[in-house]
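Taking the working numbering, I'd label the letters of the sequence shown as residues 1455 to 1831.
Positions of the beta carbon are idealized from the N, C-alpha and C atoms, including for glycine.
What follows is a set of notes on a single structure, which appears directly below.
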Amino acid sequence: MKNIIITGGAGFIGSHVVRLFVNKYPDYHIINVDKLTYAGNLANLKDIEDKPNYTFVKADICDFETIMGIFKKYNVDGVIHLAAESHVDRSIKDPFTFAQTNVMGTLSMLQAAKLTWEQIPEKWEGKRFYHISTDEVYGALEMTDPEGIEPPFTTKASSGKHHLAYGSKFFTEDLKYMPHSPYSASKASSDHFVRAFHDTYGMPTIVTNCSNNYGPYQFPEKLIPLFINNIRHRKPLPVYGKGENVRDWLYVEDHARAIDLIFHKGTIAETYNIGGFNEWKNIDIIKVVINTVDRLLGRKEGEDMDLITYVTDRAGHDMRYAIDSSKLQRELGWEPSLQFEEGIEKTVKWYLENQAWMDNITSGEYEKYYESMYGNR
Ligand code: NAD
Ligand code: DAU
């Protein structure tokens, strides 16, 4: 039996990773370590919470003594580290929390793993510390093409596949880090600590940098769930700036599949970029979301376009993210399984069919429920 800690397992991506591992590997013991911040929600894991190979531990990754205790108690073989403060807008308002959780919290996980694994006879053998990071650490790409072709244009990735792009440059693993927001700066710093633990102590680490995820269970402060919920209630849709910024969207279960593959087959000390070759301008994706929600709610398709409200831009708003995931495709054979049209249809349907999940969060009921379960947090 392998004991694997997944941090941040009550969050959006973490809950998909926990579900995948608990269901796919009955001989693994999955220990979900989560502080249950505003973004953590055990309702995301209702379907697997009673499985015998699953344990939930409410803990703060910054609390080093407690984390050490968890490592000792469970004889941990591997860590998949997702716990973080993840929302750029919050990082602009409150950078300290991001440095604390994302930098110091990651360091606390690394140090606990090091002190535990160093003491056992087999040391690093069979151990793995896998850190989940973001494409935002690379900074922003331009939306130009040297040949002057109007974007989006069809281009060919180094994987050999054609796709639409808004610029000729992509985030590759060898790119210099150039974070712009307090969030991405804190993630960049945590990535450096993870690599430092490999280079200094020989810890078997892996880092992956993924593009924007979408899908069920995403906290409704992020673009897609926020807008689905606002359209449902006919509330304004706050589009930052001109809505021209480009993001590369990946269905969350495809990210979880990549994490599974890399955790088991990835090369130690390597970095892999994960992305969907799926670039969209915000305003275009917003129009797709409006049309989809309207159609699924039986409204006239597009009738809610007038909810679009242009608001002051996000400070330091990165223009374009676009991942080149060719290395992962070439070396480990991973590919996104869902076309975007299919993924967004599934996603919108999920939020509309799970309105109680959304209402619990937005009405504050969910706060009260977990307070009664786990006390003040
Ligand atoms: P999320 O905000 O939905 O979830 C974060 C989880 O971490 C929550 O359950 C929260 O309770 C927990 N957490 C926060 N602080 C903690 C602490 N101090 N101790 C223990 N648990 C704590 O985030 P997400 O969108 O699922 O992102 C997960 C990870 O993936 C993050 O590291 C993020 O940087 C990275 N990432 C996210 C995306 C994306 O599009 N969402 C893309 C690439 C990478
Ligand atoms: O690229 C990966 C990153 O993607 C992850 O590391 C982050 O954790 C995740 O939050 C996400 O960051 P973004 O800032 O790209 O996601 P967000 O959903 O906040 O915004 C997506 C785009 O939409 C961005 O260009 C800002 C814009 N936006 C967002 C919100 C919430 C709006 O125009 N209006 C909004 O209300």
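Counting the other CB atoms within 10 Å of its CB gives residue 1455 a total below 16, which places it among the exposed residues. Within the stretch 1510-1536, the runs of beta strand (DSSP E) at least 3 residues long that lie entirely inside it are, in chain order, 1532-1535.
Judged by their CB atoms, residue 1460 and residue 1475 are nearer to each other than the 8 Å cut-off. As the crow flies, the alpha-carbon of residue 1674 is around 33 Å from that of residue 1525. In this structure, the C-beta of residue 1577 stays at least 7 Å away from each heavy atom of the ligand DAU. Residue range 1607-1610 is occupied by the beta strand (DSSP E) that includes residue 1607.
For residue 1549, no beta strand (DSSP E) segment is defined; the enclosing uninterrupted segment is the alpha helix (DSSP H) at 1549-1552. Closest in C-alpha terms to residue 1710, from the list 1570, 1577, 1628, 1791, comes 1791. Here residue 1705 is bridged, per DSSP, to 1668. Our two residues, residue 1464 and residue 1707, have alpha carbons roughly 15 Å apart in a direct line. Within its own chain, the residues whose Cβ lies closer than 8 Å to the Cβ of residue 1656, once the five positions on either side in sequence are excluded, are 1578, listed in chain order. Short note on residue 1677: C-beta closer than 7 Å to some heavy atom of the ligand DAU. Under the three-state reduction of DSSP, residue 1733 is assigned to strand. When secondary structure is reduced to three states using DSSP, residue 1777 falls in the strand class. Between residue 1631 and residue 1700 a beta carbon distance of about 20 Å is seen, past the 8 Å cut, so the two are scored as non-contacting. In the structure shown, residue 1717 adopts helical secondary structure according to DSSP, grouped into three states.
In this structure, the CA atom of residue 1785 is about 37 Å from the CA atom of residue 1520. In the displayed model, residue 1768 falls within coil according to three-state DSSP, outside both helix and strand.
By the Cβ test, the stretch 1592-1612 is not in contact with the stretch 1553-1569, since fewer than three Cβ pairs between them sit closer than 8 Å.
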